[in-house]
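J.: If you count by the working numbering, then the sequence shown holds residues 1034 to 1195, one letter each, in order.
Built from N, CA and C at the ideal position, the CB exists for glycine as well.
Keep in mind the model is a prediction, meaning the values are calculated, not measured.
I am attaching a structure below and will ask some questions about it afterwards.
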Amino acid sequence: MWNTPEFWVAVAFFVLLGIAAWMGGFKTIGNLLDKRGQRIATELEEARRLSAEARALRDEYVAKRQAAEKEAEAIVAAAREEATRVAQEAHNRLAEFVAGRTAAAEAKISQAEAQATAEVRAAAANAGLQAAEVILRDRTQGEAADALVRNGVNQIRGAFTH
């Protein structure tokens, strides 16, 4: 057992550990590990803090995005209502314009009909008067007949011209 290489490796290892313990090597290694642990803990805490900030920023931007979407929807709804109102107003104006034009055209047509009727009546009256004058002249003779015809024709003309 004393002559085996494994025994002497074990002895050398334990001697090395003893020297390291006597010189404070374990304390130094422990301090290094503690510092590293503190650094890792600090980094983890920083990571948690940054993660919380990132979540807060994300939540803030989500809220802003939702508010912007609602505002955009409100703007679109208002634009649709305005477009509907403008279209209805244009339709109403067009209907009023067409109604006005129709009324004006009907008035012109009515006026033209009345004028044409009056002209036809006047022409018929004149034709009747001329026919009556010719008939009365042919049938009545003398100065009294001429005065009678003139007087009657003038009365009839006066009645139809007013």
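What is the rounded straight-line gap between the Cα of E1093 and the Cα of R1113?
T.: Across the structure, E1093 and R1113 are spaced so that their CA atoms are roughly 30 Å apart.
J.: What first and last residue would you give for the alpha helix (DSSP H) that runs through G1051?
T.: 1038 to 1055
J.: Are L1162 and V1182 touching if we call contact CB-CB under 7 Å?
T.: no
J.: Distance check for G1191 and A1155, CA to CA, integer angstroms please.
T.: 12 Å
J.: Do you know how far the Cα of L1090 is from the Cα of T1053?
T.: A quick correction: the sequence has Ala, not Thr, at residue 1053. C-alpha separation (whole angstroms): 51 Å.
J.: Which residue spans inside the region 1091 to 1172 form an unbroken beta strand (DSSP E) run of at least 3?
T.: none
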